[in-house]
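*Asks:* Taken in sequence, the protein lines are chains A and B. In terms of the working numbering, the numbers along the first sequence are unbroken and rise by one, the last being 390. In terms of the working numbering, the numbers along the second sequence are unbroken and rise by one, the last being 620. Backbone N, C-alpha and C define an ideal beta-carbon position, used for all residues, glycine too. For reference, the structure I am asking about is given below.
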Amino acid sequence: MERCAIVGSGLAGFTAYVTLRAGGLAQGEIAVFGTDEDPAAAWRRRAASIRQPRMRSESDGHCYAASFPGLAVREAVRRRSPLPLLWTAIDRYNPTVDDFLGHVKELRAETGWDESFRHARIGAIRPADDGFDVGRHGCFRHVLLAPGHPGLAVPEELGADPRVVHAYEPHEYAGRVVVVGAGMAAAHEWLNALAAGAEVVSVRRREPARRPLNVPRPMFTRRGLTAYHRTGNKERAELLRSWLAPSYPPGRRWDVPLEQAAREGRFSVAERLNGADRVICATGFRRGFRHDPLLSRLVDENGLDTHDRWIVLDENCAVPSLTDAARTLSLAGVPAQWAFPAADTLAGAKYAARRFLRAVRACPTR
Amino acid sequence: MSYTLRGRIESRLLGALVALVGAAVLGVALDRWWPLVLAGLMVGVGLLLDAAVYHRLLPYQPAWVAVPLGAVELGAVMGLAIALDVDAPVRPAVALFVGTWLVAQLLVHAGFPLLRPTYGEDGGELGRLGTAVTACCAAFLAFAGGIAWGTRPPTVHLGAGFHRGPIVLDHAQTLDGDGKAVIQGTVRITADHVILRDVTILAGENGVEVENAEHVLLDHVRVRGASADGIHVRQAQVSIRDCDIREPRGPNVEGIDISFAMDRPPSTVDGCTVEGVQDGIVTHTTNVHVEDNVVRGTTGTGIAVTEMSMGSVDDNRVEDAVGIGIFCTDYSECAIERNTVIGMRPELGSSGTMRAGFGIVVHYGAKAEVGENILAGNGRRIGTFSNAFVRTIRD
């Protein structure tokens with residue numbers, strides 16, 4: 025009997041599915057609801073749009089349930105070379121996008137994902153006596169919501185401009201390109217446009233932070249999270265805003281082409297748009313639960329506690345007022361940032377999934 | 226990995242538990258305490274650095290940092306082992322440390338993440354397993370410490386002044402002269418795990434006799450007036466450190482003679498000064514390492530490895546002597562490296578060609594590897610006689 029539902033068939037949902045299966049749940053115990061059978065479809069489109077060759081994540085940026093063996097070890101074995109291990113020892117290993125997608129494909133086949141997948145757009149989740157009603161698909165005692173990012177963000181003033189395209193949509197480069205934003209996608213677009221021979225203007229409101237991963241490394245472990253979980257709502261929201269500001273990794277791979285282009289007069293920074301032929305909005309995603317109809321309805325119908333643009337969650341990513349010993353409603357992916365600042369990464373997806381698994385295992389009715 | 230303090234400590238202790246068990250096995254196999262003492266030092270140093278240094282300085286620790294941190298810990302552990310006079314041979318001790326370090330790295334990067342999928346997220350904490358491991362380590366160390374304390378040999382301190390010999394040491398103990406005790410007559414050792422330390426012996430026939438014993442340490446022993454051997458070892462394994470032998474009574478005295486111990490672990494002679502005897506340091510049918518000694522004024526041979534002995538003669542200084550500086554003979558196998566042999570003179574009136582003041586002689590079927598020795602001011606440099614074989618390395 026299916027007792028667990030995963031709503032959302034992207035990478036966060038897929039990671040949760042793999043974790044549950046590795047944790048002992050049978051394929052028949054889990055139902056996955058989503059709009060695309062391929063868990064990497066949305067991510068692949070975005071990575072292809074910004075022509076991303078390598079992941080920002082490192083060796084453990086994968087969907088396997090255990091962090092070992094990571095992608096570096098697997099590549100070292102496959103290539104019969106110690107180099108990936110050496111690179112990962114000095115934190116310079118970033119798997120290729122192709123390798124990452126390959127491992128998703130392999131895991132998808134191994135875990136029976138396709139058999140658990142149901143093509144359905146879930147419009148509402150409602151608490152019931154013995155769990156949660158998932159639309160017309162029945163009642164599930166444990167539900168993990170992994171709805172993904174709620175659409176692409178384009179500055180209002182540019183919405184109607186025909187020159188504008190979002191970085192995460194397929195596009196080509198004109199002779200003069202303006203890139204709005206200063207995060208990972210923007211950094212890729214600067215290099216791509218320069219490589220295509222364009223003159224690039226970076227329009228940004230602030231200087232991007234330079235760090236290897238989305239948030240400072242201690243925030244991926246209990247070392248940083250313990251203090252983070254002790255913060256009050258206001259302080260936590262401020263922390264999240266500062267960490268979620270645009271950033272991209274340090275390193276010569278990024279700096280050398282930009283410095284050379286700047287010397288040649290082909291790269292410059294500006295505060296506002298000018299008359300470029302092409303404007304690329306590398307401005308990420310819309311932020312906040314209000315942009316997601318499912319989450320917005322869930323909050324309104326159940327009076328969930330929220331702060332600013334976040335739903336207030338327990339440390340284990342569960343929705344406090346709808347979770348007890350016999351049922352669980354958890355969030356994964358970007359809506360779980362209240363519990364785990366880097367929730368929209370693979371590490372974050374695993375963080376949510378492992379705690380969801382723990383709740384399922386601890387459930388007295390299982 | 227961004228460790229929590231608890232995570233660091235639990236990860237270290239689980240790795241250390243493997244080391245402690247390994248050290249216990251090694252200790253039992255060798256019948257020695259040093260592996261356990263060393264493992265205890267490793268745990269102690271590691272925990273101290275975890276709590277006082279690493280946790281504060283390293284909010285995030287890349288994998289490569291384990292290498293310099295390991296080197297720092299190795300230096301600290303070995304330094305402490307020397308300071309605390311732990312009787313640990315250097316190479317096995319380093320090997321134990323490195324092996325333990327490698328096991329710990331394997332556990333941290335592969336074992337623990339497999340055992341506990343949330344290991345990384347938890348900052349290295351191991352949950353209930355960590356608590357159990359901490360308790361096990363504490364119990365293990367307390368148990369081993371209790372046994373060590375309960376079974377430690379007694380220490381007898383000799384008072385300053387003269388003590389009439391002979392003295393027979395026939396059970397495990399430490400006899401410490403504290404630098405001021407003088408024994409008139411021979412000290413005879415017939416038991417394992419005896420330490421004779423910091424005494425002066427006005428010898429009878431022999432200064433010290435060691436027979437049928439192992440793990441015997443002669444530390445800072447001074448022998449004067451021996452008429453046969455300064456230190457006389459038969460069918461035994463000894464570590465002789467920083468001894469001083471001189472002023473023999475008679476022309477045929479040997480400074481140190483270690484013989485007929487091929488079935489015993491290697492003996493060592495390290496840091497000794499032997500002066501004015503016929504033969505300085507002599508071995509017969511024994512595994513031996515002779516290192517960092519000074520031998521001067523001998524009339525026969527400075528250092529002799531004979532009668533199918535196997536051993537190394539390294540970093541010694543033989544000077545102002547007659548006959549042969551370093552002698553490897555009678556089917557022995559010797560490694561003779563980095564020694565300084567100077568001022569060897571021919572034996573007057575001797576017709577033997579070997580006695581022509583050679584720095585090094587290899588003789589009668591012996592095999593020697595010879596390298597990086599300084600041979601100066603001698604009658605001859607290196608001699609090979611009677612089907613002996615010399616292989617020169619790095620000269």
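1) Keeping to the same chain, check which residues put their C-beta closer than 6 Å to that of B:Gly602; ignore five residues upstream and five downstream.
2) For B:Leu621 and B:Leu442, I'd like the C-alpha separation in whole angstroms.
3) CB B:Gly455 to CB B:Gly480, shorter than 9 Å?
4) Give the straight-line distance between the Cα atoms of A:Leu249 and A:Phe380, rounded to the nearest whole angstrom.
5) Could you tell me whether the Cβ atoms of A:Arg311 and A:Leu268 are closer together than 9 Å?
6) Along the stretch 129 to 159 of chain A, where does the CB come closer than 9 Å to a CB of chain B? Name the residues.
7) List the residues of chain B that A:Pro63 touches, going by C-beta distances under 8 Å, in chain order.
8) Roughly how many angstroms lie between the CA atoms of A:Arg165 and A:Leu328, to the nearest whole one?
9) How would you write the range of the beta strand (DSSP E) that B:Lys592 sits in, first residue to last?
10) Are B:Asn564 and B:Val538 close, meaning C-beta to C-beta below 9 Å?
11) With distance defined between alpha-carbon atoms, name the residue in B:Gly304, B:Gln286, B:Tyr285 and B:Trp289 nearest to B:Val270.
12) Can you check the stretch 143 to 170 of chain A for any beta strand (DSSP E) of at least 3 residues that lies completely inside it and give the ranges in chain order?
13) Nearest to B:Leu277 by CA position, among B:Leu239, B:Ile234 and B:Ala249, is which residue?
14) Is it buried or exposed for A:His212, if we count other Cβ within 10 angstroms and need 16 for buried?
15) Consider the Cβ of A:Gly85: report whether some Cβ of chain B lies at a distance smaller than 9 Å.
16) At least one CB of chain A closer than 9 Å to the CB of B:Pro284: is that the case?
17) Using C-beta distances below 8 Å, list every residue in its chain close to A:Val204, excluding the 5 sequence neighbours before and after it, in chain order.
18) Starting from A:Phe38, find everything on chain B with Cβ-Cβ shorter than 9 Å and list it in chain order.
19) Would you please verify whether the beta carbon of A:Asp368 is less than 9 Å from any beta carbon of chain B?
20) What separation, rounded to the nearest whole angstrom, lies between the Cα atoms of A:Gln76 and A:Val121?
21) Go to B:Ile234, then tell me how far its alpha helix (DSSP H) extends in each direction, as first and last residue.
22) Bridge partners for B:Ser557 per DSSP, in chain order?
23) When the cut-off is 9 Å and only beta carbons count, does B:Pro202 lie next to chain A?
24) Around the Cβ of B:Ala529, are there at least 16 other Cβ atoms within 10 angstroms (buried) or fewer (exposed)?
25) Candidates A:His173, A:Ala66 and A:Gly289: which alpha carbon is nearest A:Leu125's?
26) Using 9 Å as the limit for Cβ to Cβ distance, is A:Pro108 near chain B?
27) How about B:Leu339: is its C-beta nearer than 9 Å to some C-beta of chain A?
28) Out of B:Thr526, B:Thr524, B:Ala593 and B:Phe337, point me to the one whose CA is closest to B:Gly536's CA.
29) Determine which residues share a DSSP beta bridge with B:Gly653 and list them.
30) Please classify A:Pro106 as buried or exposed, where buried requires at least 16 neighbouring CB atoms within 10 angstroms.
31) To test your reading of the DSSP string, which unbroken beta strand (DSSP E) runs of 3 or more residues are found completely within the stretch 437 to 464 of chain B?
32) By alpha-carbon positions, which one of B:Tyr589, B:Ser575, B:Pro287 and B:Gly336 ends up nearest to A:Ala90?
33) Can a CB atom of chain B be found closer than 9 Å to the CB of A:Ser81?
34) Helix, strand or coil for A:Trp137, going by three-state DSSP, please let me know.
35) Report, in whole angstroms, the separation of the C-beta atoms of A:Ala144 and A:Gly159, which I expect to be a contact under 8 Å.
36) If the cut is a Cβ gap below 7 Å, which residues of chain A does B:Thr356 touch?
*Replies:* From the atom records:
1) Closer than 6 Å at the Cβ level, and outside the excluded window around B:Gly602, lie Ile567 and Gly568.
2) Because residue 621 of chain B is not part of the residues shown, which for chain B are 226 to 620, the question remains open.
3) In this structure, B:Gly480 lies closer than 9 Å to B:Gly455 by Cβ.
4) Within the model, the alpha-carbon separation for A:Leu249 versus A:Phe380 is close to 18 Å.
5) In contact: A:Arg311 and A:Leu268 (Cβ atoms closer than 9 Å).
6) Residues passing the 9 Å Cβ filter: none.
7) Among the residues of chain B, none has a CB under 8 Å from the CB of A:Pro63; the nearest is roughly 20 Å distant.
8) So the two alpha carbons sit approximately 19 Å from each other.
9) DSSP places B:Lys592 inside the beta strand (DSSP E), whose first and last residues are Lys592 to Gly596.
10) Taking 9 Å as the Cβ cut-off, B:Asn564 and B:Val538 qualify as a contacting pair.
11) The candidate whose alpha carbon is nearest that of B:Val270 is B:Gly304.
12) The stretch 143 to 170 of chain A contains, as complete beta strand (DSSP E) runs of 3+ residues, the segments 149 to 152, 155 to 158 and 166 to 169 (chain order).
13) Note that residue 277 of chain B is Ala in the sequence shown, not Leu. It is B:Ile234 whose Cα lies nearest to the Cα of B:Ala277.
14) Note on A:His212: 16 or more other CB atoms within 10 angstroms of its CB, so buried under the neighbour-count rule.
15) No, no contact with chain B.
16) Output row for B:Pro284: interface = yes.
17) Short of 8 Å from the beta carbon of A:Val204, and not among the five residues preceding or following it, lie these beta carbons of its own chain, in chain order: Pro179, Leu182, Ala210, Val227, Arg228, Leu297, Val303, Ile304, Cys305, Ala306 and Thr307.
18) Under the 9 Å cutoff, chain B gives no residues; its nearest Cβ is about 16 Å from A:Phe38.
19) No - not a single Cβ of chain B is within 9 Å of the one on A:Asp368.
20) Answer to the nearest angstrom: the Cα atoms are 7 Å apart.
21) Residues Leu230 to Leu255.
22) In the DSSP output, where bridge partners are listed per residue, B:Ser557 has none listed.
23) There is no way to answer for residue 202 of chain B, as the model of chain B reaches only from 226 to 620.
24) By the neighbour-count rule (16 or more Cβ atoms within 10 Å), B:Ala529 is buried.
25) Nearest of A:His173, A:Ala66 and A:Gly289 to A:Leu125, Cα basis: A:Ala66.
26) No, its Cβ sits nowhere closer than 9 Å to a Cβ of chain B.
27) Yes, contact with chain A.
28) Closest in C-alpha terms to B:Gly536, from the list B:Thr526, B:Thr524, B:Ala593 and B:Phe337, comes B:Ala593.
29) This structure gives no information on residue 653 of chain B, because the portion of chain B shown stretches from 226 to 620.
30) Under the 10 Å beta carbon count, A:Pro106 is surrounded by fewer than 16 other beta carbons and is classified as exposed.
31) Taking only runs of at least 3 residues, the beta strand (DSSP E) segments lying wholly in the stretch 437 to 464 of chain B are 441 to 449 and 454 to 459.
32) Measuring C-alpha to C-alpha distances from A:Ala90 to each of B:Tyr589, B:Ser575, B:Pro287 and B:Gly336 identifies B:Gly336 as the nearest.
33) Not closer than 9 Å to any Cβ of chain B, the Cβ of A:Ser81 fails to qualify, so no.
34) Correct three-state label for A:Trp137: helix.
35) Right, the Cβ-Cβ distance comes to about 7 Å (below 8 Å), so this counts as a contact.
36) Within 7 Å Cβ-Cβ: nothing; B:Thr356 doesn't reach chain A, min ~16 Å.
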